[in-house]
Amino acid sequence: MDAKEIESKARALGKASAQKEPAPVIVGLLKELQTGIQATEDLLRRTKIGVVVNKFKTHQAPEVAQLASAIVSKWRQEVNKQKQRAASVASRGSNSPRPPQNGTGPSTPASVTPSDKASSLSVPPDKRTWKADGVDIAVTSSKTRDSCTGLIYDGLCLGSTEPPKVVLAKASAVEKAAHSLLGPETKPQYKEKMRSLFQNLKNKSNPTLRVRVLSGEVGPDQFVRMTSDELRSDQRRAEDEAIKKKNMNDAMVAQGEKSISTSLQCGKCGQRKVTYTEAQTRSADEPMTLFCTCVVCGKSWRQ
Numbered sequence: 001m002d003a004k005e006i007e008s009k010a011r012a013l014g015k016a017s018a019q020k021e022p023a024p025v026i027v028g029l030l031k032e033l034q035t036g037i038q039a040t041e042d043l044l045r046r047t048k049i050g051v052v053v054n055k056f057k058t059h060q061a062p063e064v065a066q067l068a069s070a071i072v073s074k075w076r077q078e079v080n081k082q083k084q085r086a087a088s089v090a091s092r093g094s095n096s097p098r099p100p101q102n103g104t105g106p107s108t109p110a111s112v113t114p115s116d117k118a119s120s121l122s123v124p125p126d127k128r129t130w131k132a133d134g135v136d137i138a139v140t141s142s143k144t145r146d147s148c149t150g151l152i153y154d155g156l157c158l159g160s161t162e163p164p165k166v167v168l169a170k171a172s173a174v175e176k177a178a179h180s181l182l183g184p185e186t187k188p189q190y191k192e193k194m195r196s197l198f199q200n201l202k203n204k205s206n207p208t209l210r211v212r213v214l215s216g217e218v219g220p221d222q223f224v225r226m227t228s229d230e231l232r233s234d235q236r237r238a239e240d241e242a243i244k245k246k247n248m249n250d251a252m253v254a255q256g257e258k259s260i261s262t263s264l265q266c267g268k269c270g271q272r273k274v275t276y277t278e279a280q281t282r283s284a285d286e287p288m289t290l291f292c293t294c295v296v297c298g299k300s301w302r303q
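Here's what the structure looks like:
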């Protein structure tokens with residue numbers, strides 16, 4: 001697919017989004033891009049297709065959001081591999097050795113971290129955990145904080161194709177923000193917040209939350225301050241609103257007016273202003289039971 005075709009697909013995606021086309025239409029366009037583009041940095045810059053697809057990572061349809069995330073991650077990995085190959089070729093072509101660090105031998109690139117060994121996925125996205133990805137979550141001097149980092153990692157990586165080191169960096173940033181807001185880690189508020197964030201992240205009915213946090217749309221500081229209502233998915237919020245509206249409508253339905261009997265007397269205040277209802281609580285050949293309420297003092301009884 002050449003640049004002209006890619007730009008045409010980008011316009012089609014923009015039109016589909018503006019006209020609120022159904023998810024299958026958008027998924028079809030995204031799959032054409034997924035299989036038809038051999039990503040290069042120059043091609044992505046010229047067509048700006050990465051920017052267009054990236055916007056669909058927050059789409060309300062889970063299948064659209066996950067596919068867009070997978071495509072962006074794939075293109076990013078392809079471009080990074082091309083850069084690494086170019087750097088390797090340039091390095092081999094250089095005759096001057098790199099100076100040693102601290103006199104101990106060849107220097108190590110600053111970008112290399114313990115999690116780089118897990119730069120590619122070895123398990124399906126829906127089976128990912130920090131253990132399955134093989135990352136090192138020991139980023140602080142506290143076992144409790146490291147465990148919470150692992151917890152957030154497990155919530156963020158579920159269903160995602162983002163590289164492990166990207167997920168780990170985001171999980172670590174979230175834990176750091178929570179610790180700064182609610183720490184130290186011995187406080188119950190800190191532990192409760194981390195468990196709550198994990199539960200919301202792993203909720204399969206709310207996949208856009210994971211995408212929003214990983215993409216940076218929701219920053220770590222904002223994420224740890226979100227209320228339970230803000231953490232809910234749009235679908236869940238709409239369902240709760242519908243239930244609330246139904247309950248309100250039910251409460252506003254006019255109730256049948258009960259008659260007041262003057263033949264029944266309240267045993268507490270002696271007034272003969274009593275409402276009652278009848279129900280057959282005994283055998284059919286016995287009289288019905290009266291459930292009485294005095295409208296003066298509120299005493300209730302049955303007879």
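Quick note on the UniProt record's numbering: the sequence shown kicks off at 1 and runs consecutively.
Backbone N, C-alpha and C define an ideal beta-carbon position, used for all residues, glycine too.
- The alpha carbon of E41 has as its nearest neighbour, out of I243, S69, K176, A3, the alpha carbon of A3.
- Around the beta carbon of A171, 16 or more other beta carbons lie within 10 angstroms, which makes this residue buried.
- Our two residues, H179 and D133, have alpha carbons roughly 25 Å apart in a direct line.
- Boundaries of the beta strand (DSSP E) around S300: 300-302.
- In the assembly as shown, I260 is an exposed residue. Its beta-carbon has fewer than 16 other beta-carbons within 10 Å.
- Residues of the same chain with a CB within less than 6 Å of the CB of R225, apart from the 5 flanking positions on each side, do not exist.
- In this structure, C157 and R128 form a Cβ contact; the two beta carbons are roughly 4 Å apart against a cut-off of 8 Å.
- If the five residues before and after G183 are omitted, its C-beta is found closer than 6 Å to the C-beta atoms of Y190, all from its own chain and listed in chain order.
- Taking C-alpha positions only, G159 is separated from I152 by approximately 14 Å.
- If you draw a straight line from the Cα of H59 to the Cα of T161, it is about 17 Å long.
- Below 8 Å, enough C-beta pairs join the stretch 205-215 and the stretch 227-245 to call them touching: three or more.
- The alpha-carbon separation between K202 and K48 amounts to approximately 32 Å.
- The DSSP-derived three-state label of T35 is helix.
- Distance from S205 to Q235 at the Cβ level is roughly 7 Å; contact confirmed, criterion being Cβ atoms closer than 8 Å.
- Looking from the CA of D221, the closest CA among E241, E63, V174, Q271 belongs to V174.
- Taking a C-beta distance under 9 Å as the contact criterion, V27 and L67 qualify as a contact pair.
- Going by C-alpha positions, A65 is about 23 Å away from M1.
- When E185, R45, K74, S122 are compared, the shortest CA-CA separation from T144 is found for E185.
- Counting the other CB atoms within 10 Å of its CB gives G14 a total below 16, which places it among the exposed residues.
- Looking at G267, E278, C266, S17, the one whose alpha-carbon comes closest to that of K57 is S17.
- The C-alpha of E21 is placed about 40 Å away from the C-alpha of K176.
- For V51, the uninterrupted alpha helix (DSSP H) segment begins and ends at 49-55.
- For the options F223, E217, S141, the alpha carbon positioned closest to that of F198 is the one of F223.
- DSSP places T277 outside any alpha helix (DSSP H); the residue lies instead in the beta strand (DSSP E), whose first and last residues are 274-279.
- The beta carbon of E78 is closer than 7 Å to those of A39 in its chain, skipping five residues each way along the sequence.
- In the three-state reduction of the DSSP assignment, S142 falls in the coil class.
- Sixteen is the threshold: since fewer than 16 other Cβ atoms of the shown chains lie within 10 Å of the Cβ of M288, the residue is exposed.
- Burial check for G267: the Cβ neighbour count within 10 Å stays below 16, so the residue is exposed.
- With distances taken between CA atoms, V296 lies nearest to R272 out of L44, A238, M194, R272.
- Contact annotation: G155 and I137 have beta-carbon atoms that are not nearer than 9 Å.
- Assignment of S147 by DSSP, reduced to helix, strand and coil, places it in the helix class.
- Your pair R302 and C294 does not check out as a contact, with CB atoms roughly 13 Å apart and the cut at 8 Å.
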